[in-house]
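Start counting the sequence shown at 16; every next residue gets the next number (this note's numbering). First comes the structure, then the notes that go with it.
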Amino acid sequence: MSAEPSPRREVVTGVPRRVRPLPRYRTQSEIDDQTALGGAYVRSLMRGQLRAALTVFGVLALVAGTLPLLFAALGSSALVWAVLGFATYPPLILAAWWYVRRAERNERDFARLVEGRPAP
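So this is what it looks like as structure tokens:
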């Protein structure tokens, strides 16, 4: 037999040449595959959006429903037009502002759930 030593193994370390794609999150694949769990996630988002919309609608219906009583109490057509022209816009703008903030928060929470990030 020969007395030659066996070749030495060299380990080369360094930066990987290829970047592996990030794994898809389980929740994301549940939604994409339209499983029962993914459907529950989407229904949860839709329920939150519907709740916000119905809340704004209820508040605006309450405000609009009381306007005839206010007009009957005022009695002056000039005051009625002033209320219609100026006093109705701030509640509409506030309701729209609240709704947009709530809808964006619902979507942000849903995206955080799908991406698997923890709640802040």
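Yeah, the Cβ is synthetic: ideal placement off N, Cα and C, and Gly gets one too.
Contact under 8 angstroms by Cβ, residue i with residue j
{"i": "V140", "j": "I46", "result": "Examination of residue 140 is not possible in this model, given that the chain is present from 16 through 135 alone."}
{"i": "A118", "j": "Q64", "result": "yes"}
Of the residues the options, the one placed nearest residue i, counting alpha carbons only
{"i": "P106", "options": "R24, L75, T42, Q64", "result": "L75"}
{"i": "A68", "options": "V95, W112, A87, R23", "result": "W112"}
{"i": "T42", "options": "G54, V27, F86, L84", "result": "G54"}
{"i": "Y104", "options": "F125, D124, V78, P20", "result": "V78"}
{"i": "A126", "options": "F72, L89, L60, L82", "result": "L60"}
{"i": "R58", "options": "P133, E122, G131", "result": "E122"}
Helix, strand or coil at residue i according to DSSP, with G and I counted as helix
{"i": "D124", "result": "helix"}
{"i": "V57", "result": "helix"}
{"i": "D48", "result": "coil"}
{"i": "S21", "result": "coil"}
{"i": "P135", "result": "coil"}
{"i": "R62", "result": "helix"}
{"i": "S92", "result": "helix"}
{"i": "R116", "result": "helix"}
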